[in-house]
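First up is the structure itself, then whatever we jot down about it.
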Amino acid sequence: MDDPTPVSILILGDSGCGKSTFLSRLSLGQRRHQQGAGEEPLPILRDVDQPFIYDISLYRQPYRLEFYDVSYVHQHWTLLKPDVVVLAFDIASREGLGRLKQWRNDITRHFQRVSADGSSRGERIPVMMLGLKRDLRVEDEETIYPQEAYRIAQELRCDRYAECSAVTGELIPEVFEDIARIAAKTTTEAGGQSKGGCVIL
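Note that full-length UniProt numbering numbers the sequence shown so that position 62 is 62, with each residue one more than the last.
The following block contains the structure:
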């Protein structure tokens, strides 16, 4: 079998928004992705162990997804050269959702080419917006519903919007598959960006 093609994935978002729990759930593999699968605690991931590696096979080709988890704007994440960026937020936190604009501006400034008139032509990195802690969604003024999050993803020029719950496993397989497909497409000549705007899962 061929050696896996490495793809670097940078996951950005506030501390406490659920990124580490999401990556811990992924580390259990497909046997544990399903909702309500057992009581085994999620593994603890340490920053010093980055990148977090997930080997997959897609389109009959092996890929090695290398995830980097960043919570602070001032960390040295700008030194990385990601192929895909995931903007993560807690769907029960409007404050966290509001900060995605700063993260998105930083992605553009450090990783993407923007034309002189400020348009998004020439961008080269696909960006996915990911709502975490879906299991905590309740009906109150703080909660962000999918329609609103999708609209904001469009405003931020993200290629995809998805949400899931790492605690219950809800939609974890679908989100992981979508990230994997974006990652695989970045290795092709066409690249991983969506054609014609944001896609909702």
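Heads up, the beta-carbon is just placed ideally off N, CA and C, and yes, glycines get one too. Nothing here was measured: the structure is a model prediction, and the numbers come from that model.
Beyond the five residues adjoining it in sequence on each side, M129 comes within less than 6 angstroms, by CB distance, of L87, A153, C158 and Y161 in the same chain, given in chain order. Excluding the 5 residues flanking it on each side, L156 has same chain C-beta neighbours closer than 8 angstroms at L87, L100, K101, R104, V127 and M129, in chain order.
Contact between E95 and I9 is ruled out by a C-beta separation of about 25 angstroms, above the 8 angstroms threshold.
Minimum Cα-Cα distance from A183 among the listed residues Q61, T143 and I107 corresponds to Q61. Look at V138 here: in three-state DSSP terms it is coil, with no helix or strand label. DSSP, reduced to helix, strand and coil, places R151 within a helical segment of the structure shown.
Setting aside the 5 residues that flank it on each side, Q50 is surrounded in the same chain by F67, Y68 and D69, each with a C-beta closer than 8 angstroms to its C-beta; the list follows chain order. Assigned with DSSP and collapsed to three states, D178 falls in helix.
Around the C-beta of S93, 16 or more other C-beta atoms lie within 10 Å, and the residue is accordingly described as buried.
In the three-state reduction of the DSSP assignment, L97 falls in the helix class. Under the criterion of beta carbons closer than 8 angstroms, G131 and F89 qualify as touching, at roughly 6 angstroms. Membership of R25 in the alpha helix (DSSP H) is indicated by the continuous run K19 to S27. In this structure, the beta-carbon distance from A166 to T21 falls below 9 angstroms. In the displayed model, P51 falls within coil according to three-state DSSP, outside both helix and strand. Between the alpha carbons of G98 and P6 lies a gap of roughly 32 angstroms. Within its own chain, the residues whose Cβ lies closer than 8 angstroms to the Cβ of P82, once the five positions on either side in sequence are excluded, are S8, I9, L10, Y68, F111 and I125, listed in chain order.
Taking each of D2, L12 and Y54 in turn and checking the Cα distance to S24, the smallest one comes out for Y54. Excluding residues up to 5 positions away in sequence, Y63 and A180 lie with their Cβ nearer than 6 angstroms to the Cβ of I56 in the same chain.
A distance below 9 angstroms separates the beta carbons of K133 and G18. I144 is classed as buried because its beta carbon has at least 16 other beta carbons within 10 Å across all chains shown.
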